[in-house]
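Please read the structure below before turning to the comments.
Number of protein chains: 4
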Amino acid sequence: MIPKDPAYETRVRESFNRQTHMATLGATIAFLAPGEVHLVFPFAAQFCQQNGFMHAGAIASIADSANGYAAYTLAPPETDVLAVEFKINLLAPGRGEGFLACGRVLRPGRTLTVCQADVFATEATERTLIATMLSTIIVRPIGRPGPGEP
Amino acid sequence: MIPKDPAYETRVRESFNRQTHMATLGATIAFLAPGEVHLVFPFAAQFCQQNGFMHAGAIASIADSANGYAAYTLAPPETDVLAVEFKINLLAPGRGEGFLACGRVLRPGRTLTVCQADVFATEATERTLIATMLSTIIVRPIGRPGPGEP
Amino acid sequence: MIPKDPAYETRVRESFNRQTHMATLGATIAFLAPGEVHLVFPFAAQFCQQNGFMHAGAIASIADSANGYAAYTLAPPETDVLAVEFKINLLAPGRGEGFLACGRVLRPGRTLTVCQADVFATEATERTLIATMLSTIIVRPIGRPGPGEP
Amino acid sequence: MIPKDPAYETRVRESFNRQTHMATLGATIAFLAPGEVHLVFPFAAQFCQQNGFMHAGAIASIADSANGYAAYTLAPPETDVLAVEFKINLLAPGRGEGFLACGRVLRPGRTLTVCQADVFATEATERTLIATMLSTIIVRPIGRPGPGEP
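Here the protein sequences come in this chain order: A, B, C and D.
The numbering used here puts the first residue of the first sequence at 2, with every later residue one more than the last.
The numbering used here puts the first residue of the second sequence at 2, with every later residue one more than the last.
The numbering used here puts the first residue of the third sequence at 2, with every later residue one more than the last.
The numbering used here puts the first residue of the fourth sequence at 2, with every later residue one more than the last.
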């Protein structure tokens, strides 16, 4: 996949650094290439559900950003990306030392880009697939109002 | 809808209080009845995306818990609930003083319960629908291993 | 909801009549208003799954068209609509004399419209909710290439 | 992936042959192995949408069956499978000489199995990805009532 903006990497990192939710969750970019972004984040006791596993919403947050930035690597200059919708299947408990969310573009588009993210729990010697997410992402000129905006 | 456990309210509140992710996001229970749970949470700068709106994953976190607890109000004693999957459509930016996620049971089941949550941004005098989520939730005996568990 | 095209009803009916899949399934328009379209279709032995119930894909076909035409009632002149994605929860077996799919717009948009369809099995004296679908629909100028088109 | 029923292939073919909807759409099994089922079907003018492309519901029907039978290859004896829900992204128009739906198991489970199907339009010399579907499938003892059944 060919990026339309030669500065795609800088742009993705700048946008990612503005996502306070990613900093709060302790997520960082582990890999970035055209059409693909991997994020890592540690297990953290303050983002858990009732049984002490990572909350599905915390996992979904990282998968959503991985997919959004995978789409953003291919977007033209002077555009932004926004998730229109996503669907996640939770395949195993959010248990592990850390987590890895691998987002990749399935189909790039002028207006809509479709991405999939696989999320793994990672231990010293193994990784387990714990979730997969399909996302629809809209690419729009910066400054243009988004869904529901006046 | 008729709860199978007379202690459903206590049970929901105890489980909700164990979800550290809800405390971290500042979410509280605003309404609780058989088949329906409403959660409220404030806008908070540390859970935002790149444009300063609440991150879709933060919104999804609350909608997921609202649906899970709506399902839990109808579950038999000695059971727990777990999200199998969910899909969320983001309809407007996560902007507002606060937010309200209204989860309700569409179809209760012995094994699977289907719920829908509407999420509103709330201002002093109005509310705006910003997201809707469809969730599939599994009800299982406490102590029985979940998906992907040995 | 206010239609942008005064000829919305004619336009919807003409487009619906071009959908050979709807004719094949025996579906007809039962109700049509701005933002809402209901389709009815009979039980038919040739669209079943392995246990003699209507196949989930047949039910999804009708729900998809109900949502698409609900969106189309609100689209501007000289535009067409196309489903970007949908998600359906099957809530009960596709068993009954006939079926009713009620599609309605949750959020109309310039580019994307989000709709929900409830599908009921209908008998002489009762109806049962058997499925619900959330759809994302793109509105685009007629003649403009769609997703994946050159 | 290891089938729990040595007669899995016979069982899948017998069940597939009872799906009248597959026969109506002209679908046949092109490949069958533990955890994976591919179905092929021709373009047919009677299952189209308003622009003469295959209707999204027809495509979803085949993808749903491909996923269901992929799950069924791994299910224990004396069980049946049923789609709980699915989500499909339409990536390109349903245009082509024929179509291929490749369903595979992402995570097998005692109660729930998660599958993904990729659907391709096929021409003499090339294939194009036109849709992808994520499905949740329930495995249950034969004769046990399904969702919504008494």
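Backbone N, C-alpha and C define an ideal beta-carbon position, used for all residues, glycine too.
Inter-residue spacing [alpha-carbon to alpha-carbon] between residue i and residue j
i: K5 of chain B; j: R141 of chain B; result: 14 Å
i: A28 of chain C; j: D119 of chain C; result: 15 Å
i: V13 of chain B; j: T74 of chain B; result: 7 Å
i: L92 of chain C; j: V106 of chain B; result: 12 Å
i: M2 of chain C; j: P35 of chain C; result: 6 Å
i: A8 of chain D; j: F54 of chain D; result: 38 Å
i: L130 of chain D; j: V41 of chain D; result: 14 Å
i: I30 of chain A; j: F44 of chain C; result: 52 Å
i: R111 of chain D; j: T123 of chain D; result: 35 Å
i: H22 of chain C; j: N18 of chain D; result: 22 Å
i: L113 of chain A; j: S66 of chain A; result: 16 Å
i: P102 of chain D; j: E127 of chain B; result: Checking the displayed sequence, the identity of residue 102 of chain D turns out to be Ala instead of Pro. A102 of chain D and E127 of chain B: Cα-Cα distance of roughly 47 Å.
i: A24 of chain C; j: T25 of chain B; result: 53 Å
i: C49 of chain D; j: H56 of chain D; result: 5 Å
i: S136 of chain A; j: S136 of chain B; result: 16 Å
i: Q117 of chain C; j: F121 of chain D; result: 27 Å
i: G58 of chain D; j: G58 of chain B; result: 30 Å
i: H39 of chain A; j: H39 of chain D; result: 30 Å
Residue i vs residue j beta-carbon contact at 8 Å
i: V85 of chain D; j: G69 of chain D; result: no
i: G95 of chain A; j: I63 of chain A; result: no
i: A71 of chain B; j: E15 of chain B; result: no
i: M134 of chain A; j: F100 of chain A; result: no
Residue i: CB within 7 Å of a non-hydrogen atom of the ligand ADP
i: P35 of chain C; result: Among the components modelled here there is no ligand, and therefore nothing to report on the ligand ADP.
Member of the options whose CA lies at the smallest distance from the CA of residue i
i: G104 of chain A; options: A:R12, A:A132, A:E15; result: A:A132
i: G144 of chain C; options: C:T80, C:A76, C:G36, C:Y73; result: C:T80
i: I138 of chain A; options: A:V115, A:A67, A:L130; result: A:V115
i: Q51 of chain B; options: A:G58, A:V38, A:Q20, A:H39; result: A:Q20
i: A76 of chain B; options: B:H39, B:P109, B:F121; result: B:P109
Buried versus exposed, by CB contacts within 10 Å (16 or more), residue i
i: N90 of chain D; result: buried
i: Q47 of chain C; result: exposed
i: A125 of chain C; result: exposed
i: E150 of chain C; result: Here E150 of chain C scores only 47 on pLDDT, less than 50, and its place in the model is too uncertain to base an answer on.
i: F32 of chain C; result: exposed
i: E98 of chain D; result: exposed
i: T11 of chain A; result: exposed
i: P78 of chain D; result: exposed
*Just list the alpha helix (DSSP H) runs in the segment 56 to 96 of chain A, keeping only unbroken ones of 4 residues or longer that don't cross its boundaries, in chain order.*
57 to 73
*Residue ranges of each beta strand (DSSP E) within the segment 18 to 53 of chain A, 3 or longer*: 29 to 34, 37 to 43
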